[in-house]
Amino acid sequence: MKKQTSLVIGLAAGGIAVAAGLLAALGHLPVWAAELVAVVMFPAFVIFIALWWNAKPGEEDIPFIGY
Amino acid sequence: MIEYLLFATFIGLLFHGIHRKVIARVQGRPGPPIWQEILHTLKFSFKETWIPKTASQTLFVGIVFVAIAIWSGALFILLSGGSILLLFAVYLLHKIVEHGMGLSTGSPYTKFGAIRSVISAASELPLLVTVVAIYFFTRSLSIADIAAYQEVHGPLLILAFPAAVAMYLVILSKMHYGPFSIIEAKEIVSGNMTEHFGVWRAALEVAYALKTYVLLYAFVLIFIGSLPLALTLLVMLLVLVSLSFVCAVTPMLSPYDTVTIQTLVTGALVIYILILGVVMG
Chain A
9 MKKQTSLVIG LAAGGIAVAA GLLAALGHLP VWAAELVAVV MFPAFVIFIA LWWNAKPGEE
69 DIPFIGY
Chain B
384 MIEYLLFATF IGLLFHGIHR KVIARVQGRP GPPIWQEILH TLKFSFKETW IPKTASQTLF
444 VGIVFVAIAI WSGALFILLS GGSILLLFAV YLLHKIVEHG MGLSTGSPYT KFGAIRSVIS
504 AASELPLLVT VVAIYFFTRS LSIADIAAYQ EVHGPLLILA FPAAVAMYLV ILSKMHYGPF
564 SIIEAKEIVS GNMTEHFGVW RAALEVAYAL KTYVLLYAFV LIFIGSLPLA LTLLVMLLVL
624 VSLSFVCAVT PMLSPYDTVT IQTLVTGALV IYILILGVVM G
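Chains as they are written, first to last, in the working numbering: chain A, 9 to 75; chain B, 384 to 664.
Below you can see the structure in the form of structure tokens.
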């Protein structure tokens with residue numbers, strides 16, 4: 009995976025979780041549904057953002073598969 | 384919603400740091416600063432990240448997502464006053480995560496950790512018995528109902544003290560550096576986590592921070608009741624410090640002794656429940 013792809017996925021996951029929370033707060037989405045979205049999106053947010061800032065600036069894939 | 388998860392992660396990591404600090408001070412060492420585990424997690428996130436050649440790639444990566452997701456779900460179960468059985472289910476899923484993490488890598492050390500996680504499944508028995516004991520008092524397994532019961536009748540910590548001890552043992556069995564931490568013992572390097580390094584380990588630290596927060600919060604909700612946030616955090620901290628003290632003065636047990644003690648506690652709790660059944664009908 010490329011560095012830029014990680015960032016996009018991480019931000020998208022975080023954005024979806026925040027949007028679901030806002031929709032639930034405004035009453036447009038059941039709270040349980042917003043919680044479910046957060047449960048699914050939070051791991052993706054944590055891992056892809058960490059992969060993004062972990063990746064080197066070059067074109068190589070992350071994570072390295074080997075050793 | 385995500386703000387609850389970020390808050391719980393931050394507090395959980397801080398609690399891990401306090402845990403290490405208390406253990407060190409009890410053992411006469413200065414210990415790391417209490418924010419060490421936060422730095423530790425950040426440090427791991429900058430380390431080289433790889434997937435071993437011998438690993439099952441899907442399981443190796445997927446298990447980290449699942450670890451965070453199940454404890455995120457557990458936090459929302461607590462916040463929404465859901466069923467204590469769902470919390471029990473998350474605890475069982477965590478056992479599968481521990482096992483899967485160990486088996487996913489192909490490393491002998493992680494496999495030993497995975498096998499030990501199966502051996503230490505006895506730690507679930509006191510939790511199951513705790514659930515039954517609580518039901519005898521509250522006639523409900525909903526956390527909201529349990530909290531409401533305690534507002535009328537007083538804390539279950541006093542009314543069902545043996546059940547609280549069993550739950551305390553369950554939390555102790557999940558603490559780092561504890562007497563029951565056999566799956567991450569130093570003789571098998573870092574046990575089932577050995578090959579999960581870099582970003583994977585940082586993400587696992589997030590999952591374990593959520594786990595610590597959820598277990599302590601569950602203890603407070605189930606045995607003391609619903610309190611204001613600041614007071615809840617204070618009581619969680621007190622429970623944590625007592626756990627750290629136990630971890631500091633107790634050597635790590637052998638796998639067999641771990642199972643023996645947890646089974647004995649379960650046996651004692653079963654007798655307690657039988658007595659409850661006779662007395663309370």
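C-beta atoms are modelled at their ideal positions from N, C-alpha and C, and glycine is treated no differently.
It should be emphasised that the depicted structure is a prediction, and the values quoted were computed from it without experimental measurement.
Please classify residue i: does DSSP put it in a helix, a strand, or coil?
i	result
Ile421 of chain B	helix
Ile607 of chain B	coil
Pro435 of chain B	strand
Ser466 of chain B	strand
Ser686 of chain B	Outside the displayed range of chain B (384 to 664) lies residue 686 of chain B, so it cannot be described from this structure.
Lys430 of chain B	coil
Short check: CB of residue i to CB of residue j, under 8 Å?
i	j	result
Trp454 of chain B	Lys557 of chain B	no
Pro415 of chain B	Lys404 of chain B	yes
Tyr596 of chain B	Thr615 of chain B	no
Ile451 of chain B	Ala46 of chain A	no
Leu510 of chain B	Leu626 of chain B	no
Met550 of chain B	Phe606 of chain B	yes
Tell me whether residue i is buried or exposed, calling it buried when 16 or more other Cβ atoms sit within 10 Å of its Cβ.
i	result
Met49 of chain A	buried
Glu420 of chain B	buried
Trp40 of chain A	exposed
Val16 of chain A	exposed
Trp418 of chain B	exposed
Leu389 of chain B	exposed
Pro97 of chain A	Given a span of 9 to 75 for chain A in the structure shown, any question on residue 97 of chain A remains unanswerable.
Thr432 of chain B	buried
Could you check the C-alpha separation between residue i and residue j for me, to the nearest Å?
i	j	result
Ala543 of chain B	Glu43 of chain A	32 Å
Ile644 of chain B	Leu59 of chain A	41 Å
Phe495 of chain B	Gly456 of chain B	28 Å
Pro545 of chain B	Ser523 of chain B	19 Å
Phe53 of chain A	Gly18 of chain A	4 Å
Ala21 of chain A	Gly29 of chain A	12 Å
Arg499 of chain B	Glu570 of chain B	12 Å
Leu461 of chain B	Gly23 of chain A	24 Å
Val632 of chain B	His579 of chain B	29 Å
Val514 of chain B	Leu468 of chain B	8 Å
Measuring only between beta-carbons, confirm whether residue i sits less than 8 Å from chain E.
i	result
Met619 of chain B	Considering every chain present, this structure includes no chain E. Its protein chains are A and B.
Checklist entry - Relative to chain A, which residues along the region 600-615 of chain B have a C-beta separation below 8 Å, given in chain order? => result Closer than 8 Å at the C-beta level to chain A, one finds no residue of the region 600-615 of chain B.
Checklist entry - Between the region 9-30 of chain A and chain B, which residues of the former have CB atoms less than 8 Å from a CB of the latter, in chain order? => result Listed by position, the residues of the region 9-30 of chain A near chain B (Cβ gap below 8 Å) are Gly22, Ala25, Val26, Ala28, Gly29.
Checklist entry - Between the region 550-583 of chain B and chain A, which residues of the former have CB atoms less than 7 Å from a CB of the latter, in chain order? => result Of all residues in the region 550-583 of chain B, those with a C-beta nearer than 7 Å to a C-beta of chain A are Gly581, Val582, reading in chain order.
Item to check | Interface residues of the region 412-430 of chain B facing chain A [CB-CB below 8 Å] | outcome: Cβ contacts with chain A come from Ser428, Phe429, Lys430.
Checklist entry - Closer than 9 Å, Cβ to any Cβ of chain B: which residues of the region 35-54 of chain A, in chain order? => result Residues passing the 9 Å Cβ filter: Val39, Trp40, Ala42, Glu43, Leu44, Val45, Ala46, Val47, Val48, Met49, Phe50, Pro51, Ala52, Phe53, Val54.
Item to check | Contacting positions in the region 499-531 of chain B - beta carbon closer than 8 Å to chain A | outcome: Identification of residues in the region 499-531 of chain B having a C-beta nearer than 8 Å to some C-beta of chain A yields an empty set.
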